[in-house]
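Okay, so the sequence shown: first residue is 3 according to the working numbering, each after it adds one.
Built from N, CA and C at the ideal position, the CB exists for glycine as well.
This one's a predicted model, so the numbers in the text were calculated from it and none came from an experiment.
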Amino acid sequence: MAFIQKKLTMALKKQWFEAVKNGSKKYEIRPCTPYWEKRLSKSYDVIVFTLGYPKRNDLKRMVSKEFVGIKNVSKQELFELVSVEETAFIQKTFPHIHHFFLIVFDEWDKDFIL
């Protein structure tokens, strides 16, 4: 009997997709909202990142990474972990959100999640 991996699929803009693909980004950030809380409360084995919303067979626009874990962090904690560029993006995009989900993949920092 084959093992079926549980996949979390997340669409990204080109800038962030390329960073995940080349290995320079090992986490993804989502606002702590009811939508993301429900979606991230399940268990996953793999995260499939897509460049936008590609057709199913467009593998050039998809990359799979091992799922490590999720942590709920405050905006202040998040700013201590992410790049200056991401901090500016978060402040501009989510000025009213105070907590975020930090989704970690590819062994970024397992101890931080545990």
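Using DSSP with H/G/I as helix, E/B as strand and the rest coil, what is Val86?
In the sequence shown, residue 86 corresponds to position 84, counting from 1. DSSP, read as helix, strand or coil, puts Val86 in helix.
Cα-Cα separation between Phe19 and Lys62, rounded to whole angstroms
In the sequence shown, counting from the first residue as 1, residue 19 sits at position 17. In the sequence shown, counting from the first residue as 1, residue 62 sits at position 60. C-alpha separation (whole angstroms): 11 angstroms.
Which residue marks the beginning of the alpha helix (DSSP H) containing Tyr37, and which one marks its end?
As a position in the sequence shown, residue 37 is number 35, starting the count at 1. First-last of the alpha helix (DSSP H) with Tyr37: Pro36 to Leu42.
Output the distance between the C-alpha atoms of Gln7 and Lys23, rounded to the nearest integer angstrom.
By one-based count along the sequence shown, residue 7 stands at place 5. By one-based count along the sequence shown, residue 23 stands at place 21. Take the alpha-carbon of Gln7 and the one of Lys23: they are about 20 angstroms apart.
Give me the Cβ distance between Lys28 and Val106, rounded to the nearest whole Å; I'm assuming they're in contact under 8 angstroms.
Your numbering for residue 28 matches position 26 in the sequence shown. Your numbering for residue 106 matches position 104 in the sequence shown. Yes, Lys28 and Val106 are in contact; Cβ-Cβ is about 7 angstroms, under 8 angstroms.
List the whole-angstrom C-beta distance separating Arg32 from Phe102, where the pair is believed to meet the contact cut-off of C-beta under 8 angstroms.
Working through the sequence shown from its first residue, we reach residue 32 at position 30. Working through the sequence shown from its first residue, we reach residue 102 at position 100. Contact holds; Cβ gap of about 7 angstroms.
For Leu116, count the other beta carbons within 10 Å of its own beta carbon; 16 or more makes it buried, fewer makes it exposed. Which is it?
What you label residue 116 is simply residue 114 of the sequence shown in a count that begins at 1. Residue placement at Leu116 is flagged as unreliable, the pLDDT there being 48, under the threshold of 50; the coordinate-derived value follows with that caveat. Only exposed fits Leu116, as fewer than 16 other CB atoms lie within 10 angstroms of its CB.
Would Leu104 pass as a contact of Val70 if the rule is Cβ separation under 8 angstroms?
Position 102 of the sequence shown holds residue 104. Position 68 of the sequence shown holds residue 70. For Leu104 and Val70, no; Cβs fall outside 8 angstroms.
Exposed unless 16 or more other CB atoms sit within 10 angstroms - verdict on Met5:
Within the sequence shown, numbered from 1, the residue matching residue 5 stands at position 3. Going by the sequence as given, residue 5 is Phe instead of Met. So Phe5 counts as exposed.
Cα-Cα separation, Phe51 to Leu42:
Position 49 of the sequence shown holds residue 51. Position 40 of the sequence shown holds residue 42. Between the alpha carbons of Phe51 and Leu42 lies a gap of roughly 15 angstroms.
I'd like the span of the alpha helix (DSSP H) that includes Phe19, first residue to last.
For the purposes of this step, residue 19 is identified with residue 17 of the sequence shown, where counting begins at 1. Lys16 to Lys23 is the span of the alpha helix (DSSP H), which, as asked, contains Phe19.
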